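Engineer:
Next up, the structure:
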């Protein structure tokens, strides 16, 4: 019989085993705490007042946290995470803290999160783990992503969102614009407003959906990558799309900006 191995961590008096790769994934958070609080609140579509009510604090407290005037302690971060369902930003500094109580709480959180999401057995129906948060960006930002991703400021994103997929260290989300990829009744259809989950660090294969920066416009476009008579094309899947716009040959100077690994409606208002 297959047995799932529980994770643990060796921190002070807490004995465990958890590989450095998993620790990095769990405490990595590409945003400041103030931005994480706002992202967690938006994850529930809550106002500052609603978040305050849920965690026993005032609207002013939440506003001060989101403005960076004050910073909540670890216990409050974990409470916000529990109420919103948005994974807490456990930073390496907390893991290495000299404060034994903070270290213990951070360690327990890491282990609990690891054990609740890491199920690799083929005999078990695994819960879908979440990854991120990742920035929701514009088509212009997506076109320049390889140049700006390393210095991308947390406030430059429209929102920060989680994904059921590992989009890599520079993953992002992009909102569908226009109806070139809208094909109701077909196998694939992407309505305007849907969110694309994009992984920029993998090479595209024919048949996949991709984000490409066109040399002529400098903005990113979302299309299906196909080889037609041996030539690479970006194809709009809308069956009613004008033929002259439906098949766009990939040209010198066009830049791959990522492979779309999933699409979702996102949270409705």
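Numbering (full-length UniProt numbering), first residue to last: 1 to 269. All C-beta atoms, glycine included, are put in the ideal place defined by N, C-alpha and C. A quick note: this is a predicted structure, and the numbers were derived from the prediction, not measured.
Taking DSSP as the reference, what is the three-state secondary structure of residue 176?
Structural biologist: It is coil, neither helix nor strand.
Engineer: Identify the continuous alpha helix (DSSP H) that holds residue 221 and give its terminal residues.
Structural biologist: It is not in any alpha helix (DSSP H) - residue 221 instead sits in the beta strand (DSSP E) that spans 220 to 228.
Engineer: Would you kindly check if the distance between the Cβ of residue 52 and the Cβ of residue 59 is under 9 angstroms?
Structural biologist: In contact: residue 59 and residue 52 (Cβ atoms closer than 9 angstroms).
Engineer: Please classify residue 69: does DSSP put it in a helix, a strand, or coil?
Structural biologist: Residue state, collapsed to three classes: coil.
Engineer: Short of 7 angstroms in beta carbon distance, which residues of its chain neighbour residue 257, apart from the five on each side in sequence? Order them along the chain.
Structural biologist: If we look at residue 257 and ignore the five residues flanking it on each side, its Cβ neighbours are 142, 143, 145, 200, 211, 212, 213, 220.
Engineer: Taking buried to mean at least 16 other C-beta atoms within 10 Å of its own C-beta, is residue 181 buried or exposed?
Structural biologist: With 16 or more other Cβ atoms within 10 Å, it is buried.
Engineer: Which term fits residue 236, buried or exposed, when burial requires 16 or more other beta carbons within 10 angstroms of its beta carbon?
Structural biologist: Classification for residue 236: buried.
Engineer: Residue 134: buried (16+ other C-beta within 10 angstroms of its C-beta) or exposed?
Structural biologist: With 16 or more Cβ atoms within 10 Å of its Cβ, residue 134 is classed as buried.
Engineer: Are the CB atoms of residue 208 and residue 260 nearer to each other than 9 angstroms?
Structural biologist: Taking 9 angstroms as the Cβ cut-off, residue 208 and residue 260 qualify as a contacting pair.
Engineer: Going by C-alpha to C-alpha distance, which of 179, 262, 32, 43 sits closest to residue 287?
Structural biologist: Because the chain is modelled from 1 through 269, residue 287 falls outside the range shown and cannot be assessed.
Engineer: For residue 205 versus residue 43, is the C-beta spacing smaller than 9 angstroms?
Structural biologist: Cβ distance not < 9 angstroms, so residue 205 and residue 43 don't count as in contact.
Engineer: By the DSSP assignment, the beta strand (DSSP E) with residue 32 in it spans what residues?
Structural biologist: Looking at the DSSP string, residue 32 is not in any beta strand (DSSP E), and its letter there is neither H nor E.
Engineer: Buried or exposed: where does residue 72 fall if 16 or more other Cβ atoms within 10 Å of its Cβ makes it buried?
Structural biologist: It is buried - the Cβ of residue 72 has at least 16 other Cβ atoms within 10 Å.
Engineer: Flag residue 147 as yes if its beta-carbon sits less than 9 angstroms from any beta-carbon of chain D, otherwise no.
Structural biologist: Of the protein chains in this structure there is only one, and it is not chain D.
Engineer: Among 265, 148, 139, whose alpha-carbon lies nearest the alpha-carbon of residue 217?
Structural biologist: With distances taken between Cα atoms, residue 217 lies closest to 139.
Engineer: Three-state secondary structure (DSSP) at residue 211?
Structural biologist: Here residue 211 sits in strand by DSSP.
Engineer: Kindly identify the DSSP beta-bridge partner or partners of residue 163.
Structural biologist: According to DSSP, residue 163 bridges with 131.
Engineer: Looking at residue 131: is its Cβ nearer than 9 angstroms to the Cβ of residue 150?
Structural biologist: Cβ distance not < 9 angstroms, so residue 131 and residue 150 don't count as in contact.
Engineer: How many Å lie between residue 249 and residue 86 at the Cα?
Structural biologist: Distance between the alpha carbons of residue 249 and residue 86 is about 41 angstroms.
Engineer: Classify residue 144 as helix, strand or coil using the three-state DSSP reduction.
Structural biologist: If DSSP states are grouped into helix, strand and coil, residue 144 belongs with coil.
Engineer: Which value, in whole angstroms, describes the spacing of the CA atoms of residue 238 and residue 244?
Structural biologist: Taking the straight line joining both Cα atoms gives about 13 angstroms.
Engineer: Hey, residue 227 and residue 196 are a contact pair by Cβ (cut 8 angstroms); roughly how many whole angstroms apart?
Structural biologist: About 22 angstroms; that fails the 8 angstroms criterion.
Engineer: Got a sec, what are the start and stop residues for the alpha helix (DSSP H) residue 52 sits in?
Structural biologist: 48 to 55 is the span of the alpha helix (DSSP H), which, as asked, contains residue 52.
Engineer: Residue range of the alpha helix (DSSP H) that residue 81 falls in?
Structural biologist: Where residue 81 is concerned, the enclosing alpha helix (DSSP H) stretches over 74 to 84.
Engineer: Given that a residue counts as buried once 16 or more other Cβ atoms are within 10 Å of its Cβ, and exposed if not, what is residue 153?
Structural biologist: Exposed.
Engineer: For residue 49, count neighbouring Cβ atoms within 10 angstroms of its own Cβ and tell me buried if that reaches 16, exposed if not.
Structural biologist: Looking at its Cβ environment, which holds fewer than 16 other Cβ atoms inside 10 Å, residue 49 is exposed.
Engineer: Suppose the cutoff is 6 angstroms on Cβ atoms and the five residues either side in sequence are ignored; what does the same chain contact list for residue 64 look like?
Structural biologist: Excluding residues within five positions, the ones whose Cβ falls inside 6 angstroms are 70.
Engineer: For residue 308, which residues of its own chain have a beta-carbon under 7 angstroms away from its beta-carbon, when the five flanking residues on both sides are left out?
Structural biologist: Nothing can be reported for residue 308, as the shown portion of the chain is limited to 1 through 269.
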